[in-house]
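Chemist: Structure in structure tokens, see below.
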Amino acid sequence: MKAAYSRVSMTQPPTVTEQTIQERLIPFPRAHFLAASDLNPYVVPQLLDLGDAFVDFNRQSSKALDVLHGRTVVNLFFENSTRTSSSFEIAAKRLGADVVTMPVASSSVKKGETLIDTAVTLNAMKPDILVVRHSASGAAELLSQKVGCAVVNAGDGRHEHPTQALLDLLSMRRALGDVTSLTIAICGDITHSRVARSNVALLQMMGARVRLIGPPTLVPGDADRWGCEVFHDMREGLAGCDVVMMLRLQLERMAGALVPSTREYFRFWGLDREKLAWANEGAKVMHPGPMNRGVEIDSDVADDLDVSLIQDQVEMGVAARMAVLASLSARWGDAA
Amino acid sequence: MSDTITVFSDARLLDPATGRDGPATLIVQHGKIIEVAFERQFHTELGTDFEIIDCDGHCLAPGLIDIRVKTGEPGAEPKETLKSASLAAAAGGVTTIVVQPDTDPAVDDPAMIDFIQRRGAALNLVNVRAAGAATKALGGERMAEIGLMDEAGALYFTDGDKVIVNSRTLQRVMSYAAAFNALIACRPSDPWLTEGAVAASGELATRLGLSGSPAIAERIGLERDLALVEQTGARFLVDQISTEGALETLARARAKGLEVAVSVSINHLCFNEVDIGDYRTFYRLDPPLRSEADRQALIEAVRDGLIDVITSAHAPAPAEDKRRPFSEAAPGAVGLETLLPAALTLHHEDGLDLLDVLRPLTHGPAALLGLDAGVLAEGAPADLILFDPGAPVIVDADALHSKSKNSPFDGRRLQGKVVGTWVAGRKVH
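Protein chains in written order, with the numbering used here: chain A, 519 to 854; chain B, 123 to 551.
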């Protein structure tokens, strides 16, 4: 199924309405969404169902809802990120929220303000949801203890990026159906990846088998205790996999510190046709983006819509984040 | 290739891989051994196209494998070229040399490995293989392309005489190399304790006024390296052990189950610190020559089978680099051509069995590097050495094939003469 490319005609009447959404709306299990462990195996399928509704909704020409009407969502990005911050911004706006995106990376932090100072200042402005990205692991958790609103972790250091895991799961379920029987290989820089940690936690929660593949310098030595099988050889690791999830390699880690060179990395761990053929037939390729083409993934594979879910992931990103924001608000009842 | 069958008859066959030692006939065709017959009879049909080499009761053994050979190619060809080193190797009964990466430029990428192998093969003498650098330009900081070099044919990875000081770099190199099951070799040494040292610490160095390298520097370096091996699970070679203390450290680690290989240079088995005597720079080596107790401990280790590899530590240095005050002279000695008679002193003087002397020169390195050599078995390449273990020789440095003549054995009386050397069944000496 190539969901993303069989678009609904712009002239068709809307099929997903405010009412459809309200019917599927479920309260988020926790006050904050800081890590994949804030979810549970019962709520995840419901969140994905809600996500599916938002996917259909987003494909309609009219994309305005009132779920978050009157609410304020603040995007607090201490690290530069165009795609994640715009994904959250679009998600919140489509739900009817007032959105303020603060690129803190280039403002008050440079003036010496601490994370807590910034949080307290913002808290005084009474937002309803804070979406936070920070380079330090645990930053979102710390913020959640200091503010009176819901906090959504949009990536904290190398710890977690839980909405990414949710959108990845949504993409997988739409492409392959039931995820519990799948074997998923996460490949590349596991050590420094919050995407990997969130995905491992969520996929295992849902009963999928997760493998980690990468050079020993990029896979934590104790990763086998996460309940994953660890491989350093792509051929061995990819055999029997249904999904190959490639991770972005930070280029500063390439020049000899952890990996000798980009060409060596691509030779042994970069995903191309030859390596993909070692996985199961019909295996899907994913990447959280932005990609280093020719380093961790060959364009030939990344751009092949028959195998690549990479563009779907971006679309699912907005839908999954809408599901998270909407269900967080569903906890609040009608006290607004 | 011709179909000629070569019969080595009336040989005393020594095969350290199987421990066999006795009169035998060995038959070679198409560059490979096709039959080893310890009985009088052999089964191969000779037909009409054959030659017989009468070994006259001399010892026939696998060709020697020397895993630590420096040349000056590329970058310092007046010192030694792959050709002069190959000629020296053939004359010394060494059928495989593994050249070191510390050339100019360093052998730190797959193209350089390819270059060495091609140049070596074109000479049509001995097998020329290469070790790759563990870090880029041997700088000790950034990891070299271990995976690509491994694919290109590099046999192991080392920064040669340079210690990788940064423990984090070494940890990453070891852990990364483990993905390819690649062998890492390191000289055990603490760089600060040995800074500026030119001789072994001790009474003699003090009297001569030379900066000393303490034995504990080797032990400290080794302790660190072994701890990293334990953590990363790397395949590891302790390169050029030279002290009794380090041997004890190694024995402790092995007793705990750590699998590491160790090499020793022929020089440290034959000489001690006293040989530097009145500042003879041909005995300036790195690591420096140690005490007699250290030398004896190394010999005992060979006897007990604890040493996997004996190397020539072939390090050519031209006269202009050696004719200097001791502390300013270049370290190192040529050794390819004298390797066999020097090693045979362990047999003649220290009473080691011939097979125990030959094992770390043949089967030991072959097993360590995964080479299909170092054994006299059907199907193995016919890399052979025929030698007379008792023949007296007086080493004449000027007659050596190496371009550099810095042999500490010059003028020494040794026993053991190479009668013939064959590489893939072809006589090269």
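Here a beta-carbon is modelled for each residue, glycine too, at the ideal position from N, C-alpha and C.
(1) Who are the neighbours of B:Tyr405 on chain A, taking C-beta pairs under 7 Å?
(2) Can you find the residues in the same chain that come closer than 7 Å, C-beta to C-beta, to A:Gly706, ignoring five residues on each side of it along the sequence?
(3) Would you call B:Gln163 buried or exposed, if buried means 16 or more other Cβ atoms sit within 10 Å of its Cβ?
(4) Smallest Cα separation from B:Thr354: which of A:Val819, A:Ala672, A:Pro734, A:Arg577?
(5) For chain B, find out if any of its Cβ atoms is closer than 8 Å to the Cβ of A:Pro738; answer yes or no.
(6) Which one of B:Thr280, B:Lys549, B:Ala327, B:Leu522 has the shortest CA to CA distance from B:Asp400?
(7) Note down, in chain order, each residue of its chain lying with its Cβ closer than 7 Å to the Cβ of B:Ala513, except the 5 sequence neighbours on either side.
(8) Check whether the region 130-142 of chain B touches the region 177-193 of chain B, counting contact only when three or more Cβ pairs, one atom from each stretch, lie closer than 8 Å.
(9) Using CA atoms only, rank isn't needed, just tell me which of B:Met296, B:Val285, B:Asp478, B:Ser526 is closest to A:Val777.
(10) Hey, is A:Arg729's beta-carbon within less than 8 Å of any beta-carbon in chain B?
(11) In its own chain, which residues sit with a C-beta less than 8 Å from the C-beta of B:Ile421, not counting the 5 before and 5 after it?
(12) Nearest-angstrom Cα distance between B:Leu461 and B:Val497?
(13) Check the Cβ-Cβ distances between A:Arg676 and every residue of chain B, and say whether any is below 8 Å.
(14) Specify, as a first and last residue, the run of the alpha helix (DSSP H) that B:Gln151 falls within.
(15) I need the DSSP call for A:Val665, collapsed to helix, strand or coil.
(16) For chain A, is any of its Cβ atoms less than 8 Å away from the one on B:Leu270?
(17) Mapping DSSP to helix, strand and coil, what is B:Arg134?
(18) Report the partner residues of B:Thr433 according to the DSSP bridge assignment.
(19) Under DSSP, the beta strand (DSSP E) around B:Trp544 begins and ends at which residues?
(20) Just the C-alpha distance for A:Met834 and A:Arg612, rounded to the nearest angstrom, thanks.
(21) Leaving aside the five residues before and after A:Met519 along the sequence, list all residues of the same chain whose C-beta is less than 6 Å from its C-beta, in chain order.
(22) Leaving out the 5 sequence neighbours to the left and right, which residues in its chain are closer than 7 Å to A:Pro738 when beta-carbon positions are compared?
(23) If you draw a straight line from the alpha carbon of B:Ser385 to that of B:Val424, how long is it in whole angstroms?
(24) Relative to the C-alpha of A:Leu730, which candidate in A:Leu720, A:Met723, A:Lys802, A:Asp742 has its C-alpha closest?
(25) In this structure, how does DSSP classify B:Val295 when only helix, strand and coil are distinguished?
(26) Could you tell me the alpha carbon to alpha carbon distance between A:Ala521 and B:Asp236, rounded to whole angstroms?
(27) When you measure from the CB of A:Asp567 to every non-hydrogen atom of the ligand COA, does any distance come out below 7 Å?
(28) Taking B:Tyr405 as the reference, give the member of B:Asn394, B:Glu202, B:Lys192 with the closest Cα.
(29) Taking DSSP's pairing of strands, which residues face B:Thr128 in a bridge?
(30) Could one say the Cβ of B:Glu267 lies closer than 8 Å to chain A's Cβ atoms, at least one of them?
(31) Please classify A:Asn717: does DSSP put it in a helix, a strand, or coil?
(32) Which residue or residues does DSSP assign as beta-bridge partners of B:Cys308?
(33) Around the Cβ of B:Ala244, are there at least 16 other Cβ atoms within 10 angstroms (buried) or fewer (exposed)?
(34) Taking buried to mean at least 16 other C-beta atoms within 10 Å of its own C-beta, is A:Val728 buried or exposed?
(35) Along the chain, where does the beta strand (DSSP E) containing A:Asn496 start, and where does it finish?
(36) Mind checking which residues open and close the alpha helix (DSSP H) that includes B:Asn288?
Modeler: If we stick to the structure as given:
(1) By Cβ distance, chain A contributes nothing, its closest Cβ being about 37 Å from B:Tyr405, past 7 Å.
(2) Gly732, Leu736, Met764, Leu765, Leu767, Trp787, Glu814
(3) For B:Gln163, the number of other beta carbons within 10 angstroms of its own is below 16, and it is reported as exposed.
(4) A:Pro734
(5) no
(6) Check the Cα spacing between B:Asp400 and each of B:Thr280, B:Lys549, B:Ala327, B:Leu522: the tightest is with B:Ala327.
(7) The beta carbon of B:Ala513 is closer than 7 Å to those of Gln537, Gly538, Lys539 in its chain, skipping five residues each way along the sequence.
(8) The region 130-142 of chain B, when compared against the region 177-193 of chain B, does touch it at the 8 Å Cβ threshold.
(9) B:Met296
(10) no
(11) Leu391, Leu468, Asp472, Leu474
(12) Taking the straight line joining both Cα atoms gives about 19 Å.
(13) no
(14) Where B:Gln151 is concerned, there is no enclosing alpha helix (DSSP H), although the beta strand (DSSP E) it sits in stretches over 142-151.
(15) coil
(16) yes
(17) strand
(18) Paired residue(s): B:Ser387.
(19) Where B:Trp544 is concerned, the enclosing beta strand (DSSP E) stretches over 535-545.
(20) 14 Å
(21) Summary for A:Met519: the model assigns pLDDT 44, below 50, so the residue's position carries little reliability; its value from the coordinates is reported in the next sentence. There are no such residues.
(22) Ile708, Thr709
(23) 10 Å
(24) A:Asp742
(25) helix
(26) Low local confidence applies: a pLDDT of 47 at A:Ala521 is under 50, so the model's placement there is unreliable, with the coordinate-based value given in what follows. Between A:Ala521 and B:Asp236, the C-alpha separation is close to 49 Å.
(27) In the structure shown, the ligand COA is absent, as is every other ligand, since no ligand is present at all.
(28) B:Asn394
(29) B:Val150, B:Glu173
(30) yes
(31) helix
(32) B:Val360
(33) exposed
(34) Around the Cβ of A:Val728, a 10 Å sphere holds 16 or more other Cβ atoms; the residue is buried.
(35) Within the shown structure, residues of chain A are numbered from 519 to 854, placing residue 496 of chain A beyond reach of any answer.
(36) First-last for B:Asn288: undefined, no H or E at that position.
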